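J.: Quick one: structure below, then a few questions.
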Ligand code: C5P
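Numbering (the working numbering), first residue to last: 691 to 917.
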């Protein structure tokens with residue numbers, strides 16, 4: 691079997707993983723996996739089907755049979771996520787679904803059901819994988835492992851700027867509380883907790899712009915991929 695190289699980019703919510711991972715993938719012409727979208731999709735599908743977030747067996751079945759397609763951005767088009775035939779790219783990005791995703795993500799059965807689906811993204815010429823456990827669990831043999839961090843207050847501020855346009859009622863202190871709570875759940879869960887792999891390079895993005903982070907990640911990639 692041909693195995694393709696992987697760049698694993700992990701870290702807490704709001705550390706800049708999504709934007710940075712997409713830009714690195716674009717620069718290299720590699721595939722991109724947004725693993726958080728899978729957990730968000732399970733949470734959204736559960737809501738659509740009236741499945742409670744503590745109904746482990748139903749959530750496992752849902753995760754195993756998730757009918758999803760990732761539409762790649764072409765030309766001027768935006769990338770899209772299609773769940774059961776419906777474009778849910780916007781719907782999975784809400785804070786409500788993000789928080790529900792972090793609850794379903796704490797269930798070992800759900801994580802196991804999504805494992806092979808994530809590994810299937812590893813195809814030539816290579817994959818940039820964004821998540822919490824890319825370097826520790828899903829791709830432990832990844833050629834490059836990056837762990838992005840940033841102060842919680844800065845992460846809440848970034849989220850606030852993102853959301854404010856669409857929702858004038860959004861409050862910074864609510865976002866900070868939610869981010870802190872989500873960090874706690876992601877870090878303390880017994881299965882695949884959020885933590886850097888032993889061989890990961892940690893980059894603190896608190897005072898860096900996106901371009902600066904992309905440059906640093908590219909520098910690590912060039913060094914590691916050349917070995
Ligand atoms: O990265 P994003 O905010 O989209 O992820 C939503 C939630 O999914 C996270 O808070 C986390 O609980 C979960 N997640 C995870 N493992 C991943 C990616 C996301 O547990 N690899």
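Don't be surprised by glycine CBs; every beta carbon is placed ideally from N, CA and C.
Quantities reported herein were computed from a predicted structural model and do not represent experimental measurements.
#1: Let me know if residue 849 comes out buried or exposed under the rule of 16 or more other beta-carbons within 10 Å of its beta-carbon.
#2: Figure out for me which residue from 694, 695 and 700 has the closest Cα to the Cα of residue 873.
#3: Would you mind giving the Cβ-Cβ distance between residue 929 and residue 735, rounded to the nearest angstrom? I have them listed as a contact below 8 Å.
#4: Just the C-alpha distance for residue 817 and residue 888, rounded to the nearest angstrom, thanks.
#5: By Cβ distance below 8 Å, which residues in the same chain neighbour residue 781 in space, the five residues on each side in sequence not counted?
#6: Where do the ends of the alpha helix (DSSP H) carrying residue 876 lie?
#7: Indicate, with yes or no, if ligand 1 has a heavy atom lying under 7 Å from the CB of residue 908.
#8: Residue 799 lies in the alpha helix (DSSP H); which residues open and close that run?
#9: Would you report the Cα separation of residue 828 and residue 772, rounded to the nearest angstrom?
#10: Would you report the Cα separation of residue 833 and residue 714, rounded to the nearest angstrom?
#11: Quickly, what does DSSP pair residue 819 with across the bridge? List them, please.
#12: With DSSP as the reference, identify every bridge partner of residue 758, one or two as the case may be.
#13: Are there three or more Cβ pairs, one per stretch, closer than 8 Å when the segment 888 to 898 is compared with the segment 802 to 812?
#14: According to DSSP, is residue 901 part of a helix, a strand, or is it coil?
#15: Hey, is residue 706 close to ligand 1, as in C-beta under 7 Å from one of its heavy atoms?
#16: How about residue 703 and residue 820: do their beta carbons lie closer than 8 Å?
#17: Here's the rule: buried if 16 or more other CB atoms are within 10 angstroms of the residue's CB, otherwise exposed. What is residue 826?
T.: On the basis of the supplied data:
#1: On the chain shown, position 159 is the one that residue 849 refers to. It is buried - the Cβ of residue 849 has at least 16 other Cβ atoms within 10 Å.
#2: Stepping through the chain shown from its first residue, residue 873 is reached at position 183. It is 700.
#3: Since the displayed the chain opens at 691 and closes at 917, residue 929 lies outside it and no answer follows.
#4: Against the chain shown, residue 817 aligns to sequence position 127. Against the chain shown, residue 888 aligns to sequence position 198. Using only the alpha carbons, I get a separation of about 20 Å.
#5: Here the question's residue 781 lines up with position 91 in the chain shown. Once the five neighbours on either side are set aside, the close Cβ partners of residue 781 are 734 and 787.
#6: Within the chain shown, the letter at position 186 stands for residue 876. Segment 862 to 878, the alpha helix (DSSP H) holding residue 876.
#7: Position 218 of the chain shown, counting from 1, holds the residue named residue 908. The answer is no for residue 908.
#8: Reading the chain shown from its first residue, position 109 is the one you call residue 799. Per DSSP, residue 799 belongs to the alpha helix (DSSP H) from 798 to 809.
#9: Here the question's residue 828 lines up with position 138 in the chain shown. Here the question's residue 772 lines up with position 82 in the chain shown. So the two alpha carbons sit approximately 23 Å from each other.
#10: Along the chain shown, read from residue 1 onward, the residue named residue 833 stands at position 143. Along the chain shown, read from residue 1 onward, the residue named residue 714 stands at position 24. One C-alpha to the other measures close to 14 Å.
#11: Counting from one through the chain shown, the residue named residue 819 turns up at place 129. Looking at the DSSP assignment, residue 819 forms a beta bridge with 698 and 723.
#12: Counted from its first residue, the chain shown places residue 758 at position 68. DSSP, once it has assigned bridges, lists 773 as partnering residue 758.
#13: no
#14: Looking up residue 901 in the chain shown gives position 211. Of the three classes helix, strand and coil, the one that applies to residue 901 here is helix, per DSSP.
#15: Numbered from 1 along the chain shown, position 16 holds the residue referred to as residue 706. No, Cβ of residue 706 sits at least 7 Å from all heavy atoms of ligand 1.
#16: For this step, residue 703 is matched to residue 13 along the chain shown. For this step, residue 820 is matched to residue 130 along the chain shown. In this structure, residue 820 does not lie closer than 8 Å to residue 703 by Cβ.
#17: Residue 826 sits at position 136 when you count from the first residue of the chain shown. It is buried - the Cβ of residue 826 has at least 16 other Cβ atoms within 10 Å.
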